[in-house]
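Student: Quick one: the structure is below, questions incoming.
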Amino acid sequence: MPHDPTDPNQWVDLYADALFSFALKFISQTDQAQNLVQETFLAALKNRSGFKGNSSEKTWLLGILKHKITDQLRLKYKEVPASQLVEADTHIEDFFDNADYGHLKKKPGDWAFNPSDLIENKEFWRSYNDCLEKLPEKTAQAFSLREIEDMDSKEICKVLGVSSTNLWVLLHRARLQLRQCLETNWFEHDTAR
Amino acid sequence: MILLDKLLEQLPLIPCQEATRLASKAMDQKLSLKERWDLWLHLRVCDFCTQFSKQIHGLRELLRKYQPQEEKNLSLDAKNKIKLSIKGLLF
């Protein structure tokens, strides 16, 4: 059957996996992510007139999903008591050597990559997702909102219910850990190929 | 430039833990003059942190261009459930 992106009957087959994969970067529970995808399709079909055709159907559906994700996150963190606001920012020191200059335990390598090559590489994104999954939930959410959504720091603080200082710690932790994980699981193997 | 770097090395340097923290912070927030100086000086003489900074910027560039793909697949059951739920809205 030829793909017709304008045919809503095909939207689930065409886009559900991509939407699901995207949602998982912000929502760790599979069933919750699934529900958001379902709600996205429902909302899209109820409001078909909202699609102006300025972008692709996929982009439009993704936009709806993004709103639902941030709404859900806002709701989730609205009632969190202050003492729980920061995930253990423990162990940042574990990345560093205690002796000498106290530099990172291993010298970061030279990631000679061309972004355009990796963008479409599903294997890479699977590795990336595996690494993302290892982060504490709010740390991963902060990072995804900042780096994928390009959301402003102030806005992220509102969505996640954290102070800006808390946010910097979360983002720093995310970068340290993701970088290390990707280096070990992807970039080091890549150069060996 | 080697002499300059040797001189710079004599100046008080922040530790790497602090430098990476600032390198990260600079990606989200404008640093103060002191922070910018501390970071610049450290990166000038520390190749570990310089590489770190390159990597996290490279990662940002990559993620900003990210387009959702089918990295993870919904089960057939899940897809059917969704199809069922939207059935009434299709015409």
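From first to last, the protein sequence lines stand for chains F and C. As numbered in our numbering, residues 593 to 785 make up the first sequence, in order. As numbered in our numbering, residues 8 to 98 make up the second sequence, in order. Glycine residues also receive a C-beta, built at the ideal position from the N, C-alpha and C atoms. Just so we're clear, the structure is a prediction, and the values are computed from it rather than from any experiment.
Please classify L696(F): does DSSP put it in a helix, a strand, or coil?
Tutor: L696(F): strand per DSSP, three-state reduction.
Student: Determine, using beta carbons only, whether M76(C) and K714(F) come nearer to each other than 8 Å.
Tutor: Met is not the amino acid found at residue 76(C); the sequence shown has Gln there. A contact, by the Cβ cut-off of 8 Å.
Student: Let me see if you follow: with CB-CB separation under 8 Å, is R51(C) close to chain F or not?
Tutor: Not an interface residue.
Student: Can you name, in chain order, every residue of its own chain whose Cβ lies under 8 Å from the Cβ of L700(F), other than the five neighbours on each side?
Tutor: For clarity, residue 700(F) is Pro in the given sequence; the question names Leu instead. The answer, listed in chain order, is R771 and E775.
Student: Below 9 Å between beta carbons is the criterion; list the residues of the segment 684 to 710 of chain F that meet it against any residue of chain C, in chain order.
Tutor: Under the 9 Å Cβ criterion, the segment 684 to 710 of chain F contributes I684, E685, F687, F688, D689, Y693, G694, H695, L696, K698, K699, P700, G701, D702, W703, F705, P707, S708 and L710.
Student: When you compare the CB of K41(C) with every CB in chain F, is at least one pair closer than 8 Å?
Tutor: So no, K41(C) is outside the interface.
Student: When burial is assigned at 16 or more other CB atoms within 10 Å of the CB, is Q630(F) buried or exposed?
Tutor: With 16 or more Cβ atoms within 10 Å of its Cβ, Q630(F) is classed as buried.
Student: What residues in its chain sit with their C-beta under 7 Å from that of C723(F), if we drop five residues either side in the sequence?
Tutor: Excluding residues within five positions, the ones whose Cβ falls inside 7 Å are L770, C773, L774 and N777.
Student: Where R51(C) and E16(C) are concerned, what is the direct C-alpha to C-alpha distance, given to the nearest angstrom?
Tutor: Answer to the nearest angstrom: the Cα atoms are 9 Å apart.
Student: How is F539(F) classed by DSSP in three states: helix, strand or coil?
Tutor: Because chain F here runs from 593 to 785, residue 539(F) falls outside it and cannot be looked at.
Student: Does chain F have any CB closer than 8 Å to the CB of E16(C)?
Tutor: Not one chain F Cβ lies under 8 Å of E16(C).
Student: Cα-Cα, which of M743(F), K746(F) and V754(F) is closest to K730(F)?
Tutor: Residue V754(F) is the option with its Cα nearest to K730(F).
Student: Name, please, each residue of chain A whose Cβ falls closer than 8 Å to the Cβ of S613(F).
Tutor: Absent from the structure: chain A. Protein chains present are F and C.
Student: In angstroms with no decimal places, state the Cα-to-Cα distance between K61(C) and K32(C).
Tutor: Taking the straight line from one Cα to the other gives about 14 Å.
Student: R43(C): buried (16+ other C-beta within 10 angstroms of its C-beta) or exposed?
Tutor: Classification for R43(C): exposed.
Student: On the CB-based measure, 16 or more other CB atoms within 10 Å of its CB, does R71(C) come out buried or exposed?
Tutor: That one is exposed.
Student: With distances taken between CB atoms, is the gap from Q752(F) to L665(F) smaller than 8 Å?
Tutor: The amino acid occupying residue 752(F) in the given sequence is Leu; Gln does not appear at that position. The answer is yes: Cβ separation under 8 Å.
Student: Using a beta-carbon distance below 8 Å, is D84(C) in contact with chain F?
Tutor: So, not an interface residue.
Student: Quick one: Cα of F55(C) to Cα of Q24(C), how far?
Tutor: About 11 Å.
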